[in-house]
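Right, one structure below, let's go through it.
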Amino acid sequence: MHPRSVDEKRSDQEPDDHEEKRGLDEQQDHARASLDSAGVGQYVVSSDTRHVDRDLVWRFLHDESYWAAGVPRDVMDRAIDGSLCFSVFDGDPARGAPQVAFARVVTDRATFGWLCDVFVLEAHRGMGAGKTLMDAVMSYPELQGLRNVLLATRDAHGLYAKYGFAPLAEPARWMAIRRPYRP
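If you're matching positions, the sequence shown starts at 28 in the working numbering and goes up one per residue.
Here it is in C-alpha cells:
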C-alpha cells in the first residue's frame, strides 16, 4: 500500500491560484513511500502549506522539541511560509484527518537543503509515519540533485543514516551564528 498525496488533484478539479503558481508537477507523485505497519490507516502526505496544522506544529515545537523550545508563534509561521513543508495525516485532511508528523526543508531548490523541525507525534511513532514522512521528503522532485542536504539530530542518527545522511566529514569547516529569537 502506498500513501497518497493529498496534493494530487482529481481530473475534474480546476487548479486554484496557489497551485498554478507552484505548478501541479511539483505537487504530484512525491509521496511514494510504503506503509510499514498494517492496520494503522492510510497516511496521506501533503507539501501544501495550506494543509499544515499550524497550531499543532507550533505547540510541538514550542513545548516538546529540544531544538525549537520556546519558539514564538510568529517566527514559526514565517518559517513555514518560507520553507518547503511536509505534513503527514492519518487519513484525508479534507475529511478532518489529524496531522501526525511534520518536516520542513529550507532550500534554494538548486544546491542546498536543510531538513529541520522533523517530528512524529508519540502515538504514531513506530507505526510508519516517520518512514512515510522521510520517504516523501527524500523523493520530492525539487530536492533531487541537491549537492548538500544537512540536518541536525540528537537522537535519530540511525533513521537518517538509512536515507544516506552521515556525520559531517569535516565539521571544523562549518560555523554557525546562534541568536535568540527576534521579536
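From the three backbone atoms N, C-alpha and C, an ideal C-beta is built for every residue, glycine too.
Which of helix, strand or coil does DSSP assign to residue i?
| i | result |
| --- | --- |
| Tyr190 | coil |
| Ala128 | strand |
| Asp119 | coil |
| Gly145 | For clarity, residue 145 is Val in the given sequence; the question names Gly instead. In this structure, Val145 counts as strand in the three-state DSSP scheme. |
| Ser38 | With a pLDDT of 36 at Ser38, under the threshold of 50, the modelled position of that residue is not reliable, and the figure given next carries that caveat. Three-state DSSP puts Ser38 in coil, outside helix and strand. |
| Glu197 | coil |
| Ile204 | coil |
| Gly185 | helix |
| Arg152 | coil |
| Gly157 | helix |
| Trp85 | helix |
| His45 | Model confidence at His45 stands at a pLDDT of 42, short of 50, so the residue's coordinates are unreliable and nothing is read from them. |
| Ser92 | coil |
| Gly80 | Contrary to the premise, residue 80 reads as Asp rather than Gly in this sequence. Of the three classes helix, strand and coil, the one that applies to Asp80 here is coil, per DSSP. |
Leaving out five residues on either side along the sequence, give the residues of the same chain with a beta carbon under 6 Å from the beta carbon of residue i.
| i | result |
| --- | --- |
| Val133 | Ser110, Trp141 |
| Asp80 | Gln126 |
| Cys112 | Thr76, Val79, Arg131 |
Once the 5 residues before and after residue i are set aside, which same chain residues still bring their CB inside 8 Å of it?
| i | result |
| --- | --- |
| Tyr190 | Met161, Met165 |
| Val127 | Tyr70, Val115, Phe116, Asp117, Val147, Leu148, Ala150, His151, Ala156 |
| Glu91 | Phe146 |
From the DSSP secondary-structure annotation, give me the bridge partner or partners of residue i.
| i | result |
| --- | --- |
| Gly140 | Thr134, Val176 |
| Ser114 | Ser73, Phe129 |
Give me, in chain order, the residues of the same chain whose beta-carbon lies closer than 7 Å to that of residue i; leave out the 5 immediate sequence neighbours on both sides.
| i | result |
| --- | --- |
| Leu88 | Ala95, Val98, Met103, Asp144 |
| Trp201 | Leu195 |
Regarding residue i and the ligand NAD, is the C-beta to nearest heavy atom distance less than 8 Å?
| i | result |
| --- | --- |
| Arg181 | This structure lacks the ligand NAD; in fact it carries no ligand of any kind. |
Please confirm if residue i has its CB atom under 9 Å from at least one CB of chain C.
| i | result |
| --- | --- |
| Val115 | Although the question refers to chain C, the structure presented lacks it and comprises just one protein chain. |
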